[in-house]
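> Right, I'll just put the structure down here and ask away after.
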Amino acid sequence: PHTGDAEALRERALAALLTARKRTTLLTDSVDDHELTAQHSPLMSPLVWDLAHIGNQEELWLLRGVAGREAMRPEIDGLYDAFEHPRATRPSLPLLAPSEARSYASEVRGRALDVLESTPLDGGAALVRSAFAFGMIAQHEQQHDETMLITHQLRSGPVALTAPEPPRAVDAPVLSAEVLVPGGPFTMGTSTEPWALDNERPAHRREVPGFHIDTAPVTCGAYRAFIEDGGYGERRWWAPEGWAMVREHALEAPLFWHREAGQWLRRRFGVTEPVPGDEPVLHVSWYEADAYARWAGRRLPTEAEWEKAARHDPTSGRSRRYPWGDEDPAPVHANLGQRHLRPAPAGAYPAGRAPCGAGQLIGDVWEWTASDFLPYPGFAPFPYREYSEVFFGPGHKVLRGGSFAVDTVACRGTFRNWDLPVRRQIFSGFRTARDL
Ligand code: AVJ
Ligand code: FE
């Protein structure tokens with residue numbers, strides 16, 4: 008790249024690192040030390056583990072991996088290796104105390120900024136590679152910030168986080184329930200997005216038959232109709248493993264919902280409130296999304312259908328970076344970045360709609376797709392196998408689009424998330440589709 012491009016890469020990396028650390032600080036300074044080290048749920052790490060893990064990955068990938076620096080504290084590497092210790096056991100490890108974790112993460116960051124500052128501007132391919140490493144570090148930190156926000160949602164105790172309300176849905180009543188995406192090929196994935204992770208690559212053509220897809224994610228009100236029609240009690244709507252989960256845990260509603268005096272309430276970041284009918288449903292597993300879709304006479308969209316609805320521009324024949332075009336996300340386009348602590352009502356963000364007319368594909372709620380997490384043709388693991396490759400297979404389902412808790416740096420039309428089909432503490436919702 009030219010010196011000007013290189014300077015822009017550096018600026019962008021610096022801004023992304025600062026944004027991520029500001030959010031990490033908010034999430035870890037808004038509760039006391041006792042709460043930082045406590046286990047709020049066996050599903051999650053103590054917050055202080057995420058904090059030191061963020062620093063440790065940055066040390067491993069960037070300081071040691073890219074800059075060739077010597078290890079700062081090699082004895083702690085094992086503690087913060089996500090593959091070595093499952094989340095439930097992390098509280099019993101000899102973890103760094105909150106003050107140590109903070110100073111370790113900030114010392115690593117100080118050195119990382121030195122590396123960024125001293126990266127030669129005429130580095131060509133080496134510069135692009137190290138810029139990617141910085142982008143990956145910022146995305147990694149933001150992903151753990153989302154994980155920490157999930158821990159905040161699971162904790163009990165006084166309210167620690169607040170945020171303004173998201174925008175209202177101006178024209179929701181006039182939206183049609185679904186839109187048509189005509190059949191034909193489109194370009195899926197990317198070979199050009201500079202900070203795209205290995206699993207988003209390479210760009211390739213996919214043939215997708217025509218289909219209809221919901222204009223907006225399925226709302227709490229629509230989902231309530233499924234509950235009230237006895238959906239959790241009827242085996243015929245459920246995949247066998249989903250039915251087993253419903254029976255074993257006596258499920259009858261999304262996570263964090265409960266019924267009181269004939270009304271559905273939910274707990275959201277420490278506040279109990281009526282379930283809002285017009286808001287996309289949140290905290291449902293893949294099995295619940297799949298069962299709802301079957302009850303509604305529909306199905307989940309495949310990952311390719313989701314991406315075609317989100318990116319395909321029938322006028323130019325090319326795939327956009329985002330539903331609204333190639334511009335980076337702005338607040339008018341999508342509910343991202345933890346600016347709000349909830350999804351916006353279905354029908355919000357008219358400026359963010361895709362050419363097919365579907366809205367809120369980016370932001371608000373992660374959307375379960377019908378698809379297993381699999382490599383694209385031509386996939387190459389990068390920078391190492393443990394990032395994506397070890398998770399490929401039928402055990403993990405793909406989620407698309409990002410939630411209100413996802414930062415713009417970790418969200419693109421091509422971005423792929425994955426999780427187990429039983430997961431419901433994540434910020435997951437869905438929309439449905441049907442064949443022509
Ligand atoms: C892509 C969200 C499934 O949180 O396990 C964080 C991201 N990878 N540290 C996860 C990730 C390594 C990952 N997900
Ligand atoms: Fe991690």
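With the sequence shown counted from 1, adding 7 to any position gets you full-length UniProt numbering.
Each residue gets a CB set at the ideal place from its N, CA and C atoms; glycine is no exception.
1) Buried or exposed, going by whether 16 or more other CB atoms sit within 10 Å of the CB of residue 530?
2) Could you pull out every unbroken beta strand (DSSP E) segment of at least 3 residues lying fully inside the UniProt domain "DinB-like" (24–155), listed in chain order?
3) What distance in whole Å lies between the Cβ atoms of residue 347 and residue 223, which are believed to be in contact at a cut-off of 8 Å?
4) For the segment 245–265 and the segment 186–195, state whether three or more C-beta atom pairs, one from each stretch, are separated by less than 8 Å.
5) Heavy atom of the ligand FE less than 7 Å from the Cβ of residue 151, yes or no?
6) Could you tell me the distance, in whole angstroms, from the CA atom of residue 173 to the CA atom of residue 78?
7) Measure the C-alpha to C-alpha separation of residue 108 and residue 102 and round it to an integer number of angstroms.
8) Using CA coordinates, which residue listed in 57, 374 and 336 is at the minimum distance from residue 150?
9) Tell whether a beta-carbon distance below 8 Å holds between residue 388 and residue 205.
10) Measuring only the C-alpha atoms, how far is residue 367 from residue 82?
11) From residue 191 to residue 215, what does the alpha carbon distance come to, in whole angstroms?
12) Under three-state DSSP, which class holds residue 329?
13) With a threshold of 6 Å on Cβ separation, who are the neighbours of residue 24 within its own chain once the five nearest residues in sequence on each side are excluded?
14) Measuring straight from C-alpha to C-alpha, what distance separates residue 132 and residue 33?
15) What residue range is occupied by the uninterrupted beta strand (DSSP E) comprising residue 433?
16) Roughly how many angstroms lie between the CA atoms of residue 320 and residue 341, to the nearest whole one?
17) Identify the continuous beta strand (DSSP E) that holds residue 425 and give its terminal residues.
18) Is residue 170 close to the ligand AVJ? I mean its beta-carbon at under 7 Å from any heavy atom of the ligand.
19) Roughly how many angstroms lie between the CA atoms of residue 410 and residue 118, to the nearest whole one?
20) Taking only the alpha-carbon atoms, compute the straight-line gap between residue 68 and residue 265 and give it to the nearest angstrom.
21) CB-CB under 7 Å to residue 22, same chain, minus the five flanking residues each way: which ones, in chain order?
22) For residue 209, which residues from the same chain have a beta carbon less than 7 Å from its beta carbon, with the 5 sequence-adjacent residues on both sides left out?
23) Does the beta-carbon distance from residue 148 to residue 31 come in below 8 Å?
24) If we require 3 or more residues per run, which beta strand (DSSP E) segments fall completely within the segment 371–419?
According to the structure data:
1) Limits of the chain in this structure are 8 at one end and 443 at the other, which puts residue 530 out of reach.
2) With a minimum length of 3 residues, no continuous beta strand (DSSP E) run stays inside the UniProt domain "DinB-like" (24–155).
3) Contact doesn't hold; Cβ gap of about 16 Å is too wide.
4) These segments do not touch.
5) Yes.
6) As the crow flies, the alpha-carbon of residue 173 is around 44 Å from that of residue 78.
7) For residue 108 and residue 102, the distance between alpha carbons rounds to 8 Å.
8) Shortest Cα-Cα distance from residue 150 to any of 57, 374 and 336 involves 57.
9) Taking 8 Å as the cut-off, the Cβ atoms of residue 388 and residue 205 count as close.
10) Those two C-alpha atoms are separated by around 45 Å.
11) Rounded to the nearest angstrom, the gap between the Cα atoms of residue 191 and residue 215 is 6 Å.
12) Looking at residue 329 - three-state DSSP - the assignment turns out to be strand.
13) Excluding residues within five positions, the ones whose Cβ falls inside 6 Å are 145.
14) Residue 132 and residue 33: Cα-Cα distance of roughly 35 Å.
15) Run containing residue 433: none; DSSP gives neither H nor E here.
16) Residue 341 has its alpha-carbon roughly 19 Å from the corresponding atom of residue 320.
17) 423–426 is the span of the beta strand (DSSP E), which, as asked, contains residue 425.
18) Residue 170 Cβ: outside cutoff for every heavy atom of the ligand AVJ.
19) Approximately 31 Å between the Cα atoms of the pair.
20) Rounded to whole angstroms, residue 68 to residue 265 spans 43 Å at the Cα level.
21) Spatial neighbours of residue 22 in its own chain (CB-CB distance under 7 Å, excluding positions within 5 residues in sequence) are not present.
22) Cβ within range, chain order: 196, 198, 383 and 385.
23) Against a cut-off of 8 Å, the Cβ pair of residue 31 and residue 148 comes out as a contact.
24) Segments of the beta strand (DSSP E) lying fully in the segment 371–419: 373–380 and 400–407.
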